[in-house]
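There are 2 protein chains.
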Amino acid sequence: MTRFVQSEMHPHRWGSPDAATVLPEAARGLIEMAFGIDERPATPADAPPASALAPELLDALRAVVGGEHVLVDDEVRRLRTRGKSTPDLLRARSGDLSDAPDAVCRPSTHEEVAAVLAIAVEHHLAVVPFGGGTSVTGGLVARREGYAGLVSLDLVRMKQLLAVDHVSMTATLEPGLRGPEAESLLAQEGLTLGHYPQSFEYATIGGFAATRSSGQSSAGYGRFDAMVVGLRVATPRGELVLGSSPANAAGPDLRQVLLGSEGAFGVITAVTVRVRPLPAEKVYEGWSWPSFEAGADAMRTLAQSQLLPTVLRLSDESETAINLAKPDEIGGEAAGGCMMITGYEGEPAANAAKRAAVTAVLEGLGGTCLGEAPGQAWAHGRFNAPYLRDSLLDVGVLVETMETATFWFNRDRLYTAVKTALETTLGEGTLVLCHISHVYETGCSLYFTVATKEAADPLPQWLAAKAAASDAMMAVGATITHHHAVGSDHRPWLTQEIGELGGSILRAVKADLDPTGILNPGVLIP
Amino acid sequence: MTRFVQSEMHPHRWGSPDAATVLPEAARGLIEMAFGIDERPATPADAPPASALAPELLDALRAVVGGEHVLVDDEVRRLRTRGKSTPDLLRARSGDLSDAPDAVCRPSTHEEVAAVLAIAVEHHLAVVPFGGGTSVTGGLVARREGYAGLVSLDLVRMKQLLAVDHVSMTATLEPGLRGPEAESLLAQEGLTLGHYPQSFEYATIGGFAATRSSGQSSAGYGRFDAMVVGLRVATPRGELVLGSSPANAAGPDLRQVLLGSEGAFGVITAVTVRVRPLPAEKVYEGWSWPSFEAGADAMRTLAQSQLLPTVLRLSDESETAINLAKPDEIGGEAAGGCMMITGYEGEPAANAAKRAAVTAVLEGLGGTCLGEAPGQAWAHGRFNAPYLRDSLLDVGVLVETMETATFWFNRDRLYTAVKTALETTLGEGTLVLCHISHVYETGCSLYFTVATKEAADPLPQWLAAKAAASDAMMAVGATITHHHAVGSDHRPWLTQEIGELGGSILRAVKADLDPTGILNPGVLIP
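The structure is reproduced here in structure tokens:
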């Protein structure tokens with residue numbers, strides 16, 4: 058959080074250039090041993106293809122949001138090209154900016170968003186809502202064929218804390234607020250949202266809602282979709298205002314239809330969330346487990362006892378070993394096995410009581426407490442991984458992540474299926490790491506990190522591996538994504554997960570709210 | 058639970074005739090003082106209007122489910138007429154069985170349900186899914202004009218526990234299982250669902266899901282919609298199987314579209330729910346608060362501290378006084394103020410720890426513990442109120458309940474608005490009682506009981522009051538229903554709650570899944 062920089066991200070790298078990671082010598086040595094060093098500097102392009110938008114359309118947009126907020130210059134359009142999946146980065150690293158928008162339009166209010174959508178409908182412009190630009194599933198790579206142009210609807214000017222209700226403990230936030238900005242505004246009120254995904258420094262409130270994000274403190278604060286009690290959405294058919302009450306029986310919960318709608322049903326212009334008091338204390342510690350299974354069973358026991366810390370995550374043997382190979386980052390006290398991180402955020406007395414209860418359970422199940430050093434190391438580096446990916450791509454190591462979730466009975470089967478699919482497709486020398494970072498009474502997520510030596514053309518290499526892993530998830534009945542959303546990358550698998558008829562429901566809602574199909578075409582809807 | 062009787066309910070009374078309440082003399086005296094006794098015995102009809110279903114349609118249905126499971130005799134059709142709202146009872150008490158189905162059809166499998174729907178589509182038959190028959194919002198009063206007939210799709214034969222997963226702690230239940238039947242099957246596995254609405258003895262698993270039910274132990278076990286991890290649904294367009302994982306980001310959560318769909322989108326044929334270990338101990342106790350506001354603030358503090366007992370409910374001053382006037386039922390130790398019930402269900406050690414923590418908070422906020430007697434009295438009578446309503450209707454006292462929910466900041470405003478609307482519409486001598494029985498971090502439910510002297514024609518009398526109260530809920534931005542669903546009674550207000558566009562989404566999903574509109578016509582969809 059301390060490193061937060063307001064800069065915009067380049068299409069071929071994560072985050073602020075100032076915070077980019079130079080590979081430590083020790084790490085470089087390990088990588089050389091594992092994969093060999095194959096310097097592959099990025100060769101990004103300065104300019105995207107020329108904007109194809111007709112001048113009268115630009116004028117119409119300018120009339121709504123003001124001339125200075127309709128931008129067509131190359132640099133701005135370059136910075137709004139795609140998201141941050143490894144395929145997105147690989148394309149941008151090779152100079153491919155073909156998905157750049159024709160214009161970037163920056164409305165400042167719900168009404169301006171609605172007016173921009175009306176223009177887009179009238180002229181059949183494709184509109185890609187843009188928050189933090191952190192999608193890792195092709196959520197910002199809309200189809201442009203058949204449209205008069207493609208506009209990036211940048212929500213960067215919508216950054217207000219609209220309302221705070223200290224009695225109900227809710228806050229209404231505008232969609233363009235990045236994680237640290239939202240937390241900073243709430244902190245002035247003594248409040249926190251408690252939503253810390255790895256993308257926290259850049260991702261936005263609107264994006265969290267549109268993608269059903271889940272943060273690293275989900276054990277304590279819940280998924281983002283569980284925090285939302287109200288939504289305001291601008292659609293081509295008009296306004297939706299949802300959220301009469303915390304929960305109700307007034308038919309289907311339409312909030313849960315707009316959550317996860319990925320900009321394909323409408324543009325979220327305000328999100329009312331449940332908030333909590335700013336924690337007085339944050340304590341993180343490490344635990345060692347003899348095996349991934351033993352650690353996972355312990356997580357299950359905690360979840361099924363309704364005894365969850367705020368943070369609960371567990372690395373498998375491989376991920377633990379890799380982390381231990383970076384002694385500067387992880388503390389280094391542990392030796393082998395599997396590392397678990399537990400975290401407690403709240404009042405000191407409540408933290409102490411919860412920690413004592415959790416400790417008793419974990420010790421009873423065979424865990425070994427490693428103290429706070431590994432926990433602090435994790436907390437210090439919790440948003441760093443995307444930077445490391447860039448550094449590895451620079452030396453010819455392909456790195457990507459993917460995640461899924463299933464019920465507890467199916468955890469090991471899913472783990473083995475995905476790991477095997479990745480190793481088989483990518484071949485010898487491929488490293489597959491895994492952790493569990495979100496647990497429920499009935500199941501958990503699995504988050505995989507894959508590293509392999511880049512082929513001559515790494516894009517088809519990765520797409521084949523991703524397809525194999527996705528097929529494996531479907532084959533064992535798991536979800537295609539626990540918290541990264543569908544985008545365009547997961548779309549081919551969605552019908553397998555929700556069935557033909559589930560896809561039909563999504564198309565019906567899409568046709569109702571966006572009858573001419575201007576919103577994020579090619580994303581989400583099967 | 059001890060009283061559970063398998064009998065079917067008559068259209069003009071709640072529950073088993075064997076369990077009907079005879080008004081105790083003390084209560085009769087109180088009622089005489091408050092309203093006067095005006096004996097109005099029910100004059101129910103033996104036979105509904107003749108079945109209008111063509112013989113070839115009956116044959117088609119018989120070919121699917123077997124001859125003995127397509128019933129057209131008067132008695133069976135009489136017992137499937139409407140639900141249990143006071144308007145439903147008033148109509149049946151006066152001999153009006155005009156809403157009786159033309160036939161009762163009892164499929165035993167998902168495939169049979171699907172086949173019945175196919176026949177209904179082919180012949181344009183209206184289909185009303187029937188579980189426990191406990192709807193209090195006109196959910197079983199479908200429109201029949203324009204249809205070849207109206208079939209009650211009785212799920213009474215679908216009562217299996219299909220699967221139990223002790224690792225993931227889930228169970229898959231068929232929709233026709235009544236509350237006690239489901240709990241009994243789960244208890245044999247050492248498990249519980251923990252869902253105890255007032256209708257528990259009769260209502261079914263399918264109905265809980267279709268109406269987003271919430272039980273009296275919702276503070277500990279959650280709402281029914283929060284327990285559901287998977288659904289199988291038969292629709293006119295085919296099968297839906299949802300639930301790849303406890304939670305995910307694979308687009309909108311379609312489970313939350315089918316939950317609360319009230320038989321208008323499809324027939325739920327299996328529900329996979331999160332289950333918990335059968336509690337070793339159940340402890341209930343009473344607390345007294347100087348005011349409704351003080352007690353409600355204490356509930357809010359507990360909810361916002363994530364320190365909830367399993368049961369948490371609070372009666373306002375009027376409801377407390379009425380309960381205290383029945384010393385045989387409530388223990389009688391309290392004197393005035395507002396009665397709160399707290400309950401702990403689980404392992405004794407965990408119960409004791411939670412109870413100690415809750416006790417400390419409640420004492421700190423000014424509550425007075427009354428010991429276990431009031432709690433036991435509440436637990437003993439928790440499913441009785443619907444019987445009492447019948448006894449009161451017998452003596453000319455109109456009784457009905459209604460419920461809503463809002464955020465905490467709005468609680469008192471909602472309370473006053475609804476109470477005033479009811480008192481104003483129904484006039485002097487009307488008694489309005491209220492309790493809070495479901496709490497969230499951000500808000501709570503309000504459940505009202507109204508008693509007034511019956512007018513010569515009580516139906517329009519009540520409908521006017523209901524409309525005024527519903528208008529009041531909308532005027533303050535609350536929900537039209539926290540846990541009773543929309544049915545046909547709340548439908549006129551749904552658009553105010555979810556907006557024109559929200560209604561449009563529901564119509565779009567309806568048109569997609571049930572294009573010819575055979576499912577529960579007139580229910581839910583605005």
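Going down the list, the sequences are from chains A and B.
First residue of the first sequence: 58, per the working numbering; consecutive thereafter.
First residue of the second sequence: 58, per the working numbering; consecutive thereafter.
For every residue, glycine included, the Cβ atom is placed at its ideal position computed from N, Cα and C.
Tell me, please, whether the CB atom of residue i is closer than 7 Å to any CB atom in chain A?
i, result
"residue 464 (chain B)", "yes"
"residue 497 (chain B)", "yes"
"residue 227 (chain B)", "yes"
"residue 318 (chain B)", "yes"
"residue 558 (chain B)", "yes"
"residue 224 (chain B)", "yes"
"residue 358 (chain B)", "no"
"residue 458 (chain B)", "no"
"residue 500 (chain B)", "yes"
"residue 591 (chain B)", "Missing from the structure shown is residue 591 (chain B); chain B here goes from 58 to 583 and no further."
"residue 7 (chain B)", "One cannot answer for residue 7 (chain B) here, as it falls past the ends of chain B, which runs 58 to 583."
Determine the contact status of residue i and residue j, defining contact as a CB-CB distance below 7 Å.
i, j, result
"residue 540 (chain A)", "residue 271 (chain A)", "yes"
"residue 509 (chain A)", "residue 473 (chain A)", "no"
"residue 303 (chain B)", "residue 300 (chain A)", "no"
"residue 313 (chain B)", "residue 310 (chain A)", "yes"
"residue 328 (chain B)", "residue 285 (chain B)", "yes"
"residue 202 (chain B)", "residue 215 (chain B)", "no"
"residue 498 (chain A)", "residue 331 (chain B)", "yes"
"residue 102 (chain B)", "residue 154 (chain B)", "yes"
"residue 261 (chain A)", "residue 333 (chain A)", "no"
"residue 526 (chain B)", "residue 475 (chain B)", "yes"
"residue 366 (chain A)", "residue 323 (chain A)", "no"
"residue 209 (chain A)", "residue 178 (chain A)", "no"
"residue 547 (chain A)", "residue 562 (chain A)", "no"
"residue 381 (chain B)", "residue 244 (chain B)", "no"
"residue 192 (chain A)", "residue 159 (chain A)", "no"
Would you call residue i buried or exposed, if buried means 16 or more other Cβ atoms sit within 10 Å of its Cβ?
i, result
"residue 521 (chain B)", "exposed"
"residue 93 (chain A)", "exposed"
"residue 405 (chain B)", "exposed"
"residue 397 (chain A)", "buried"
"residue 43 (chain A)", "Outside the shown range of chain A, which is 58 to 583, sits residue 43 (chain A), and nothing can be said about it."
"residue 581 (chain A)", "buried"
"residue 116 (chain B)", "exposed"
"residue 463 (chain B)", "buried"
"residue 485 (chain B)", "exposed"
"residue 79 (chain B)", "exposed"
"residue 258 (chain B)", "buried"
"residue 363 (chain A)", "exposed"
Could you tell me whether the Cβ of residue i comes closer than 7 Å to any Cβ of chain B?
i, result
"residue 255 (chain A)", "no"
"residue 313 (chain A)", "yes"
"residue 361 (chain A)", "yes"
"residue 528 (chain A)", "no"
"residue 354 (chain A)", "no"
"residue 145 (chain A)", "no"
- [ ] Output the residue ranges of the alpha helix (DSSP H) runs that lie fully inside the stretch 442-477 of chain B and measure 4 residues or longer, sorted by chain position.
- [x] 442-451
Open item on the list: Please identify, using Cβ separations under 8 Å, the residues of the stretch 293-308 of chain A that lie next to chain B, in order along the chain.
Closed with: 294, 295, 296, 297, 298, 299, 301, 302, 303, 304, 305, 306, 307 and 308
TODO: Could I get the ranges of all uninterrupted beta strand (DSSP E) runs contained in the stretch 287-315 of chain A, with 3 residues as the minimum, in chain order?
DONE: 295-299
TODO: Report the residues of the stretch 190-204 of chain B with a CB closer than 8 Å to any CB of chain A, ordered along the chain.
DONE: none
- [ ] Report the residue ranges of all alpha helix (DSSP H) runs contained in full by the stretch 182-239 of chain B; include only those spanning at least 4 residues, in chain order.
- [x] none
Task: In chain order, each beta strand (DSSP E) run of at least 3 residues that lies wholly inside the stretch 494-531 of chain A - done: 500-510
Task: Members of the stretch 536-565 of chain A near chain B, C-beta cut-off 9 Å - done: 536, 537, 538, 539, 540, 541, 542, 543, 547, 550, 551, 554, 555, 556, 557, 558, 559, 561, 562, 563, 564 and 565
Open item on the list: Output needed in chain order: residues of the stretch 256-286 of chain A with a Cβ under 7 Å from some Cβ in chain B.
Closed with: 268, 269, 280 and 286
Open item on the list: Output needed in chain order: residues of the stretch 331-343 of chain A with a Cβ under 7 Å from some Cβ in chain B.
Closed with: 331
Open item on the list: Using a Cβ-Cβ cutoff of 8 Å, what residues of the stretch 110-121 of chain A are near chain B? List them in chain order.
Closed with: none
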